[in-house]
Amino acid sequence: VIMAEPIPDKGKVLTTLAAFWFRLLGPVFPNHLVSTEVDEWKDLPQGAAPVLRHRTMRVKRAEPLPVEFVVRGYLTGSGWKEYQEKGSVCGVSLPPGLRHAEKLPEPIFTPTTKAEEGHDLPLTFREVEDLIGAERAHRARAAALDLYTKAHAYALKRRFVIADTKLEFGILEGELILIDEAFTPDSSRFWPAAETAPGARPPSYDKQVLRNWLLDSGWDRTPPPPALPPEVIRATAERYREICRLLSGLTPEGVPAVDQENSE
């Protein structure tokens with residue numbers, strides 16, 4: 003859903019964090035990032051650089067694959083709901099007795115459609131093979147699982163877990179590359195490691211803050227969504243800024259530090 007109210011500094015945070023992950027994980031799997039140095043781009047219209055700075059990446063143009071490559075490492079969200087009903091997540095059978103927020107025995111691959119309107123729908127691996135070809139499907143699945151595993155290991159060193167994530171791949175000159183964004187609070191669930199345990203409800207450092215408010219509001223998902231209260235906008239912005247700083251060590255220029263904002 004697209005909200006009417008902007009989240010302050012969201013574009014800067016997402017760009018900074020996505021570029022950080024693209025650079026960190028580039029040796030693991032190729033991606034589309036070329037540069038974030040707007041001031042070095044010579045072909046911009048006059049006056050564009052200040053607007054684009056920290057909000058823009060120059061990337062290689064790839065042909066996107068029509069699949070969302072979702073990897074889940076912990077039991078939560080729609081996966082938790084399905085597990086309670088069926089003992090599986092997107093058709094992947096799991097051991098009995100798992101609890102909310104429990105780490106799965108191993109990360110699972112649960113692809114979905116890439117819907118232009120409405121909600122993404124689960125896909126079987128066979129359906130993914132039919133959509134993009136068996137060889138690409140196997141390579142993309144292996145890459146998604148490997149990227150998640152490497153990113154999660156890094157996040158743990160920063161005292162966070164990545165509960166799940168969504169990745170996208172494209173084709174460039176016949177080769178598979180990672181595109182779009184990677185391991186941002188728009189595409190992933192981040193929880194503090196110290197507060198993550200079976201049965202827990204860890205605080206979210208991602209867009210789940212906004213999702214939770216929408217669920218509690220009683221909205222029936224019929225557009226338009228309800229207006230966001232200032233405190234929800236502020237809380238979401240703070241979590242986005244904080245996860246960027248804690249994972250990457252970076253604070254984009256012009257973005258207030260969380261402690262600074264709270265002291266005003």
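Take the sequence shown: its position 196, counting from 1, is numbered 198 in my numbering, and each next residue is one higher. Idealized CB from N, CA, C, for every residue including glycine. Every value quoted in this text rests on a predicted model; they were computed, and no experiment measured them.
If you look at F22, you'll find it in the alpha helix (DSSP H) that goes K12 to L27.
Looking only at K159, V91 and F71, the smallest Cα-Cα distance to T78 is reached by V91. According to the DSSP assignment, F185 belongs to no alpha helix (DSSP H), since it is labelled neither H nor E. Look at Y207 here: in three-state DSSP terms it is coil, with no helix or strand label. In the three-state scheme derived from DSSP, where H, G and I count as helix and E and B as strand, D166 is classed as strand. Taking 8 Å as the cut-off, the beta carbon of P32 is found closer than this to the beta carbon of L180. Around the CB of Q210, 16 or more other CB atoms lie within 10 Å, so the residue is classed as buried.
Assignment of W193 by DSSP, reduced to helix, strand and coil, places it in the strand class. If you compare the alpha carbons of V72, W43 and F22 with that of S190, the shortest gap goes to V72.
Residues L35 of the same chain have their beta carbon placed closer than 8 Å to that of R25, with the five preceding and five following residues left out of the count. Taking R57 as the centre and dropping the five residues before and after it, the same chain places the C-beta of G13, K14 and T17 closer than 7 Å to its C-beta, in chain order. Boundaries of the beta strand (DSSP E) around V69: V69 to Y76. Non-local C-beta neighbours of I134 in its own chain, meaning closer than 8 Å and more than five positions away in sequence, comprise L67, P68, V69 and A142, ordered along the chain.
Under the three-state reduction of DSSP output, I4 falls in the coil class, being neither helix nor strand.
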